[in-house]
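Residue numbers (full-length UniProt numbering): 1 to 263. C-beta: ideal position from N, C-alpha, C; glycine also. Owing to the predicted nature of the structure, the values given are computational and were not obtained by experimental measurement.
So this is what it looks like as structure tokens:
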């Protein structure tokens, strides 16, 4: 897996990210997420959706919520809970899965996830092996699609956004985005995107060989295989079709059309 490592240096209240190899990231200050009294009321983790972004993870998260498996920790929860620095620390400590620098025990993951009944999408799906070990009784769902369609979708969303940031409008997610773009494909999606896709796919599939309850799920599969896997009735509503990136993709399409017309 393409983990290139990160070091975080604070200068004038700004974080600067620098790549390094074979060196542990500097310690990042952690936060207390929940009190011990709150923990008793938290839901039990039931489902780990471990597919990559742009494989239907948001739609599946919404489907799980319809089936009363909620709340679901999706990328949208990171900024809501101010978890960015904790996830950066998780990347530094737990990746690559083959040689983690400082593997987290269950209580470290609980600091992020104990308020949730399921996870879906990045950043949680960066850690298939670690989360499956931390939550051994969970059902595992691997959302996937063919590489070519995934690559195209990534280029129109996460990759485009990463390379076309507005310097005057800094996002609170920028530091975490920098971290996972480096950790996954060495910040070079063109060169390393396919290799990471295949390695992640293989890592998740190995969990099935370890006896985990496992479902491979593709966009368009709908309610039936999901409900059969979870042992629940099929609801009489359309399967969710959710995508936070819809407007962003429309904007990119308009920009491409304008460039083509100007040539």
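Around the beta-carbon of residue 121, 16 or more other beta-carbon atoms lie within 10 Å, marking it buried. Judged by DSSP in its simplified three-state form, residue 60 adopts helix. Put simply, the segment 90 to 98 does not touch the segment 60 to 76. Fewer than three CB pairs are less than 8 Å apart. Under DSSP, residue 214 shares a beta bridge with 140. Secondary structure of residue 124 (DSSP, three-state): helix. In summary, residue 170 is exposed, with fewer than 16 beta-carbon neighbours lying within 10 Å of its beta-carbon over all protein chains present. By the C-beta density criterion, residue 237 is exposed, having fewer than 16 other C-beta atoms within 10 angstroms.
Contact check for residue 126 and residue 180: beta-carbon distance about 6 Å, within the 8 Å limit, so the pair qualifies. For residue 230, the uninterrupted alpha helix (DSSP H) run begins and ends at 223 to 230, by DSSP.
Here DSSP, grouped into helix, strand and coil, assigns residue 132 to helix. The count of Cβ pairs closer than 8 Å, one atom from the segment 205 to 214 and one from the segment 128 to 144, reaches three, so the stretches are in contact.
Rounded to the nearest angstrom, the gap between the Cα atoms of residue 156 and residue 107 is 37 Å. Here residue 153 is buried. Its C-beta has 16 or more other C-beta atoms within 10 Å. The residue among 60, 46 and 207 with its C-alpha nearest the C-alpha of residue 225 is 60. Taking C-beta atoms as the reference points, residue 76 and residue 150 fail to come closer than 7 Å. For residue 86, the uninterrupted alpha helix (DSSP H) segment begins and ends at 84 to 94. For residue 133, the closest of 57, 204 and 58 by C-alpha to C-alpha distance is 204. For residue 112, there is no enclosing beta strand (DSSP E); the residue is found in the alpha helix (DSSP H) stretching over 106 to 113.
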